[in-house]
Amino acid sequence: MTTAVLGAGLSGLSAGYYLLRRFGKPLTIYEASPRVGGWIRTEGHKDRGFLFEGGPRTIRPKGVAGANTLELIEELDLPIHPIPSSHVAAKNRMLYAKGQVCMLPNSPKGLIRTVPPFTKPLYRALLHDLFTGSTLAKNEDESIYSFTKRRFGKEIADYAISPMICGICAGDAHEISVRFLMETLFENEQKYGGVLKGAFYARFKDKVDEKKPGLFARGEPKLFQQATKEKWAMYGVEDGLEQLPRAMRKYLGEHDVNVQLSSKCSNLTFSSDGARISLRDAEVPVRHVISALPAHQLAAVVRAQHPSLAAQLLEIPYVDVVVVNIQYNSDQLLKHNGFGLLVPPVEKLPILGVIFDSCCFDMAGNTILTVMMGGRWFDQWFGNQPSQKKLRDIAHQHVRQILQIKEEPVFSRVHMLHKCIPQYTVGHKRRVENIRKYIKDYKLPLSLCGAAYDGVGINDVILSARRQVEELPSPSEP
């Protein structure tokens, strides 16, 4: 019996990759849908020189997680497009607030001037942090909104952090855990009495290197060294991000890893000698299961045997997001170039933000925009089962209003992503610890990886899979 992986999104494919690399044995990945890649979906229009991304489009080359992804890309020999920190898409980020597009400060000078939508210079918020005492958080966690308001004031919470959380997980900063998303910042503030004080003391303390021994046994990946030297802010993959999961599937297939599509697991049971995966037309015995399924999907398949585990998994909420890709024939439509803009929730608009794809990558004379809508506020704005036409019209209307584009789009595509992003609500870290403790206490041959447990970014889900594989006992261990 071998190890099996449930789910062929990026985390599941990564689990297969690291299992193969560590144990060198054939294995099977079971995927319910007819394709790999999960929420990563690229729609190419090569004849017209542009592409649409239905999910993420760029990756950040920062820290251990960023280095790990670059190592994977290097080993897959995947062509990429770096975006250096000097590029307009790296420097310019905007908000739409108080009826105007506002360029966020991108240099120290921006801290001493008053820039819309803020009514005071940003250095005043830093002084607020320096001279505000610490408050011990109840239950060792609090919302990012509460934390930011306490340390830097309401304006920063409303117009800087809240839209940032919309961009990260389409969530409400009043609900999202600071301990999960900004753990080091939060812990240093609790320990040293302020965010800036914490950052100062942490720099001069002996820091534990987060690069675990053996993570890069052959030294830092060459691409990561190049990214550091050339100051990449982010990068994309040639012909779109979906080339990454496709390349992973091709690599796995060439190394005897069987990726079975349209193979939905309907039930998962455990015994002292392994697990049984119920598929539509088969019961498959395996030694160990790595689940890269969303928490709510895993809950459904373990509920019969482990209702308590299912209940804990269902405590991780998910939100629906609408992505609308829009194409215009001209590349002279944007008044401001940059990565895009976010809309603070206090503006009470149905859109979360707009990404300027054609500012990030060459789109052959087209303007390509991606509008994100819904998230935590999906039901409030769109109700139950809105039509594609309604969603498209709302996106077009707000692009016209916010970006003052009078030209009509030539082509657009609406993606309705149901339960696509987990919400890291206050207490999330403890929630995940309890789920993994249950699995350990009951000695279940089950590992969990993916966005629900270890972070929503591409780097996070790949590293999540790697760390879960590395925690598995070697064949010689009991």
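The opening residue of the sequence shown carries number 943 in my numbering; numbering runs sequentially from there. Even glycine gets a Cβ: it sits at the ideal position worked out from N, Cα and C. On a predicted model such as this, the values are computed, not experimentally measured, just so you know.
- Around the C-beta of Val1352, fewer than 16 other C-beta atoms lie within 10 Å, and the residue is accordingly described as exposed.
- Residue nearest to Ala1009 within the set Leu1165, Leu993, Ala1242 and Asp1019 is Leu1165 (criterion: CA-CA distance).
- Counting along the chain, the unbroken beta strand (DSSP E) around Gly986 starts and ends at Thr984 to His987.
- The distance from the Cβ of Val1356 to that of Val1263 is about 12 Å, inconsistent with a contact at the 8 Å cut-off.
- Assignment of alpha helix (DSSP H) within the region 1282-1344, counting only whole runs of 4 or more residues, yields 1299-1302 and 1320-1324 in chain order.
- For Gly1008, the uninterrupted alpha helix (DSSP H) run begins and ends at Gly1005 to Leu1018, by DSSP.
- Per the coordinates, the alpha-carbon of Val1226 lies some 14 Å from the alpha-carbon of Val1201.
- Spanning the alpha carbons of Thr1312 and Pro1026 requires a straight line of approximately 21 Å.
- Annotated as proximal: Ala1407 and Ala1234, with beta-carbon spacing under 8 Å.
- The beta carbons of Glu1082 and Val1368 sit about 10 Å from each other, so the pair does not count as a contact at 8 Å.
- Within the same chain, Cβ atoms closer than 7 Å to the Cβ of Gly986 are found at Leu993, Asp1181 and Gly1182, the five residues on either side in sequence being excluded.
- Leu1333 and Ser1354 have their alpha carbons spaced roughly 11 Å apart.
- Asn1081 carries a helical assignment under DSSP once its states are collapsed to helix, strand and coil.
- Annotation: the continuous alpha helix (DSSP H) that includes Phe965 extends over Leu952 to Phe965.
- With 16 or more other Cβ atoms inside 10 Å of its own Cβ, Tyr1395 counts as buried.
- Per DSSP, reduced to three states, the secondary structure at Met1124 is coil, with no helix or strand assignment.
- Looking at the DSSP output, Arg1409 sits in no beta bridge, so it has no partner there.
- In the three-state reduction of the DSSP assignment, Thr1061 falls in the coil class.
- Collapsing the DSSP output to three states places Arg1145 in a helix.
- For Gln1346, the number of other beta carbons within 10 angstroms of its own is below 16, and it is reported as exposed.
- Distances from the CA of Phe1298 to each of Val1341, Lys1331 and Pro1287 were compared; the closest alpha carbon is that of Val1341.
- In the three-state scheme derived from DSSP, where H, G and I count as helix and E and B as strand, Arg1245 is classed as coil.
- Fully contained in the region 1359-1401 are the following beta strand (DSSP E) runs of length 3 or more, in chain order: 1388-1390.
- Cβ atoms of Tyr972 and Ser1205 come within 8 Å of each other, at about 4 Å.
- Nearest in C-alpha terms to Gln1167, of all of Asp1304, Leu1012, Glu1125 and Arg1035, is Leu1012.
- Scanning its chain for C-beta atoms nearer than 6 Å, with the 5 sequence neighbours on each side dropped, one finds around Leu1046 the residues Arg1035, in chain order.
- The region 1239-1254 and the region 1320-1328 do not touch, with fewer than 3 CB-CB distances between them shorter than 8 Å.
- Between His1370 and Phe1089, the C-beta spacing is not below 8 Å.
- Bounds of any beta strand (DSSP E) do not take in Gln1346, whose DSSP letter is neither H nor E.
- Under the criterion of beta carbons closer than 8 Å, Arg1378 and Leu1386 do not qualify as touching, at roughly 10 Å.
- In the three-state reduction of the DSSP assignment, Leu1414 falls in the coil class, being assigned neither a helical nor a strand state.
- Counting along the chain, the unbroken alpha helix (DSSP H) around Val1030 starts and ends at Val1030 to Lys1033.
- Here DSSP, grouped into helix, strand and coil, assigns Thr1170 to helix.
- Look at the region 1176-1261 and you find these whole runs of alpha helix (DSSP H), each 4 residues long or longer: 1185-1196, 1237-1244 and 1249-1255.
- Bridge pairing for His1278: absent [DSSP].
- Taking a 10 Å sphere around the C-beta of Thr945, we find 16 or more other C-beta atoms and assign the residue as buried.
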